[in-house]
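Peer 1: What follows is a structure written as structure tokens; I'll ask about it next.
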Amino acid sequence: MSGTMDWNAMYAAETDAGEYLSPIDPDTHPEHPRWAAANGGGPACWDMDWSFGSEVVPLAFPGFDVEITEAEGVYTVTLTPAAGDNPPGPVVNEDTGESYGTIQPAIDAANPGDTILVYPGEYVIDEPEIDEAWIIIDIEGLTVEALNPAAALGNPFEPSEASIIVVHDNEVDDVINIAADGVTFDGFTVRGAYYGVNIYDWGDEDEVYSDCIITNNYITGSMYDGIWVEGVGHTISDNIITGSGEG
Numbered sequence: 001m002s003g004t005m006d007w008n009a010m011y012a013a014e015t016d017a018g019e020y021l022s023p024i025d026p027d028t029h030p031e032h033p034r035w036a037a038a039n040g041g042g043p044a045c046w047d048m049d050w051s052f053g054s055e056v057v058p059l060a061f062p063g064f065d066v067e068i069t070e071a072e073g074v075y076t077v078t079l080t081p082a083a084g085d086n087p088p089g090p091v092v093n094e095d096t097g098e099s100y101g102t103i104q105p106a107i108d109a110a111n112p113g114d115t116i117l118v119y120p121g122e123y124v125i126d127e128p129e130i131d132e133a134w135i136i137i138d139i140e141g142l143t144v145e146a147l148n149p150a151a152a153l154g155n156p157f158e159p160s161e162a163s164i165i166v167v168h169d170n171e172v173d174d175v176i177n178i179a180a181d182g183v184t185f186d187g188f189t190v191r192g193a194y195y196g197v198n199i200y201d202w203g204d205e206d207e208v209y210s211d212c213i214i215t216n217n218y219i220t221g222s223m224y225d226g227i228w229v230e231g232v233g234h235t236i237s238d239n240i241i242t243g244s245g246e247g
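If you want it as structure tokens, here you go:
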């Protein structure tokens with residue numbers, strides 16, 4: 001995986017935070033402080049404008065060797081799978097041991113009944129998976145679980161310990177769309193869109209799903225409903241919904 005980032009454009013748009021990776025010497029760039037833009041991504045992260053879109057990329061990426069090269073102010077970042085065992089990344093399939101940089105690829109590669117663990121951090125989604133949803137969970141029996149689910153409901157809320165899913169605008173219906181039986185969605189902070197979590201099949205309105213679990217989530221800023229449920233036998237428990245248009 002690789003991409004490019006324009007240094008000056010990034011600094012014009014973002015807020016300073018997150019530590020440089022060592023190959024970039026701040027002494028050669030005195031116009032910038034020794035902190036790279038992360039926009040909430042946390043230590044050792046940059047929010048980069050990649051050639052294929054913007055996403056928060058941990059530069060100390062578990063399981064990958066990171067190479068950064070520069071040409072006239074444009075940095076090329078290359079992530080190469082490290083030799084040997086691949087330690088857990090920010091999103092990991094607990095059953096297969098595979099790690100991923102973002103949530104949707106982990107879901108797409110999962111098998112029925114697998115568990116996807118999502119490490120704390122801010123996961124900014126730029127492109128919806130389908131026209132109606134930013135993330136779609138369509139694998140039967142899949143569990144998508146924040147590594148520290150209690151952080152979403154903490155009082156006071158500690159964003160550094162939570163797994164936060166953020167979308168850029170509210171023009172897509174769902175942040176999370178569930179379109180399979182027996183899915184568990186546990187422990188996230190979800191922001192934006194018309195619906196925070198929606199159990200509904202946008203491709204077939206007659207399809208009915210059952211036995212899903214939505215629990216321990218903090219859902220905020222939905223234009224309509226924080227949680228919308230269709231089907232039977234679902235368990236909705238211990239969620240907090242704030243700032244939603246209808247509930």
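Going by full-length UniProt numbering, the sequence shown wraps up at 247, each residue one higher than the last. Note that beta-carbon positions come from the ideal geometry of N, C-alpha and C, so glycine has one too. This structure is a prediction, so every number in the text was calculated from the model and none was measured.
Could you give the DSSP three-state label for residue 107: helix, strand or coil?
Peer 2: Here residue 107 corresponds to residue number 107 of the sequence shown, with the count starting at 1. Helix.
Peer 1: My understanding is that residue 127 touches residue 109, with C-beta atoms under 8 angstroms, so please give their C-beta distance in whole angstroms.
Peer 2: In the sequence shown, counting from the first residue as 1, residue 127 sits at position 127. In the sequence shown, counting from the first residue as 1, residue 109 sits at position 109. Residue 127 to residue 109, Cβ: 18 angstroms. No contact.
Peer 1: Once the 5 residues before and after residue 243 are set aside, which same chain residues still bring their CB inside 6 angstroms of it?
Peer 2: The sequence position of residue 243 within the sequence shown is 243, counting from 1. Once the five neighbours on either side are set aside, the close Cβ partners of residue 243 are 220 and 221.
Peer 1: Going by the beta-carbon positions, is the gap between residue 175 and residue 202 smaller than 9 angstroms?
Peer 2: Counting from one through the sequence shown, the residue named residue 175 turns up at place 175. Counting from one through the sequence shown, the residue named residue 202 turns up at place 202. Not closer than 9 angstroms, so no.
Peer 1: Hey, could you find the ends of the beta strand (DSSP E) residue 139 is sitting in?
Peer 2: For the purposes of this step, residue 139 is taken as the residue at position 139 of the sequence shown. Where residue 139 is concerned, there is no enclosing beta strand (DSSP E), given that its DSSP letter is neither H nor E.
Peer 1: Go ahead and pull the three-state DSSP assignment for residue 117.
Peer 2: Locating residue 117 in the sequence shown gives position 117, where the first residue counts as 1. Three-state DSSP puts residue 117 in a strand.
Peer 1: What runs of the beta strand (DSSP E), each 3 residues or longer, lie entirely inside the segment 179-234?
Peer 2: Complete beta strand (DSSP E) runs here, min 3: 184-186, 189-191, 195-199, 213-215, 218-220 and 225-229.
Peer 1: Could you tell me the alpha carbon to alpha carbon distance between residue 216 and residue 105, rounded to whole angstroms?
Peer 2: Here residue 216 is taken as the residue at index 216 of the sequence shown, counted from 1. Here residue 105 is taken as the residue at index 105 of the sequence shown, counted from 1. Rounded to the nearest angstrom, the two C-alpha atoms are 23 angstroms apart.
Peer 1: Residues in its own chain within less than 8 angstroms of residue 132 by CB, not counting five upstream and five downstream?
Peer 2: On the sequence shown, position 132 is the one that residue 132 refers to. Only 172, 173, 174, 177 and 202 meet the Cβ criterion.
Peer 1: In whole angstroms, what separates the C-alpha of residue 146 from that of residue 91?
Peer 2: Working through the sequence shown from its first residue, we reach residue 146 at position 146. Working through the sequence shown from its first residue, we reach residue 91 at position 91. Going from the Cα of residue 146 to the Cα of residue 91 covers about 9 angstroms.
Peer 1: Take residue 241 and list the residues in its own chain whose beta-carbon comes closer than 6 angstroms to its own, dropping the five residues that flank it on each side.
Peer 2: For the purposes of this step, residue 241 is taken as the residue at position 241 of the sequence shown. Contacts found: 219 and 226.
Peer 1: Less than 9 angstroms between the C-beta atoms of residue 183 and residue 229, yes or no?
Peer 2: If you number the sequence shown from 1, residue 183 lands on position 183. If you number the sequence shown from 1, residue 229 lands on position 229. Against a cut-off of 9 angstroms, the Cβ pair of residue 229 and residue 183 comes out as no contact.
Peer 1: Thinking residue 193 and residue 140 are a contact (beta carbons under 8 angstroms), I'd like their distance in whole angstroms, please.
Peer 2: Here residue 193 refers to the residue found at position 193 of the sequence shown. Here residue 140 refers to the residue found at position 140 of the sequence shown. Rounded, the Cβ-Cβ distance is 24 angstroms, inconsistent with contact.
Peer 1: Taking C-alpha atoms, which residue in 101, 129, 116 and 103 lies nearest to residue 93?
Peer 2: Stepping through the sequence shown from its first residue, residue 93 is reached at position 93. Residue 116 is the option with its Cα nearest to residue 93.
Peer 1: Identify the continuous beta strand (DSSP E) that holds residue 92 and give its terminal residues.
Peer 2: Within the sequence shown, residue 92 is the residue found at index 92, counting from 1. Its beta strand (DSSP E) spans residues 91-93.
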